[in-house]
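Engineer:
In my numbering, the protein residues as written are -13 to 138.
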């Protein structure tokens, strides 16, 4: 989980729609202007997921908008697949866990670690509607308690 690092982009929907079982830290293969765009917060992880091809992981569905529209190459695709950098051990573990019924891998956030951009990915299981309603109730009650405590 993130403690001392600045999160540039978060996937808020992922924590609501899925129960997080295990998290991993992955590097990303990015272009120079994509790094600048991420640091400026110009991107979205909503609806994105991780796929595996030839025992390599790729981020699919994430959008990184151009940093400067006029200086971006014409061939740039904001929604292109981006390779994830994980160790062989982590890749093997994630792929083994994916074969368990109902599990998937989704990105949680893009953040910096030193001078590098890292992606937090999580092994998740989908929540049922009842679980989502319960999460909403807990959030509303926590908000009400915080309001009461602030008024004192």
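All C-beta atoms, glycine included, are put in the ideal place defined by N, C-alpha and C.
Is it the case that the Cβ atoms of residue 69 and residue 42 are separated by a distance below 8 angstroms?
Structural biologist: In contact: residue 69 and residue 42 (Cβ atoms closer than 8 angstroms).
Engineer: What span of residues does the alpha helix (DSSP H) with residue 136 cover, start to end?
Structural biologist: Its alpha helix (DSSP H) spans residues 115 to 137.
Engineer: Quick one, which of 13, 64 and 4 has its alpha-carbon nearest residue 53's?
Structural biologist: Of 13, 64 and 4, the residue nearest in Cα terms is 64.
Engineer: Please give me, in chain order, every unbroken run of the alpha helix (DSSP H) with length at least 4 that falls completely inside the region 11 to 45.
Structural biologist: Complete alpha helix (DSSP H) runs here, min 4: 18 to 25.
Engineer: Buried or exposed for residue 124, going by 16 or more other Cβ atoms inside 10 Å?
Structural biologist: By the 10 Å Cβ count, residue 124 comes out exposed.
Engineer: Do three or more CB pairs link the region 99 to 113 to the region 12 to 27 at distances below 8 angstroms?
Structural biologist: Short answer: they touch.
Engineer: Give me, in chain order, the residues of the same chain whose beta-carbon lies closer than 7 angstroms to that of residue 38; leave out the 5 immediate sequence neighbours on both sides.
Structural biologist: These residues qualify, in order along the chain: 81.
Engineer: Got a sec? Which residues, its chain only, sit under 8 angstroms from residue 139 by beta carbon, not counting five neighbours each side?
Structural biologist: Any property of residue 139 remains undetermined from this structure, which presents the chain solely from -13 to 138.
Engineer: Alpha carbon to alpha carbon, what distance is there between residue 8 and residue 89?
Structural biologist: Roughly 11 angstroms between the two C-alpha positions.
Engineer: Starting from residue 104 and walking both ways along the beta strand (DSSP E), at which residues does that stretch end?
Structural biologist: From DSSP, the beta strand (DSSP E) with residue 104 extends over 102 to 112.
Engineer: What is the DSSP secondary structure of residue 57, reduced to helix, strand or coil?
Structural biologist: Reduced to three states, the DSSP call for residue 57 is helix.
Engineer: With distances taken between CB atoms, is the gap from residue 5 to residue 115 smaller than 8 angstroms?
Structural biologist: Not a contact, by the Cβ cut-off of 8 angstroms.
Engineer: Once the 5 residues before and after residue 22 are set aside, which same chain residues still bring their CB inside 7 angstroms of it?
Structural biologist: 53.
Engineer: How is residue 140 classed by DSSP in three states: helix, strand or coil?
Structural biologist: Residue 140 lies beyond the stretch modelled for the chain, which goes from -13 to 138, so this question has no answer here.
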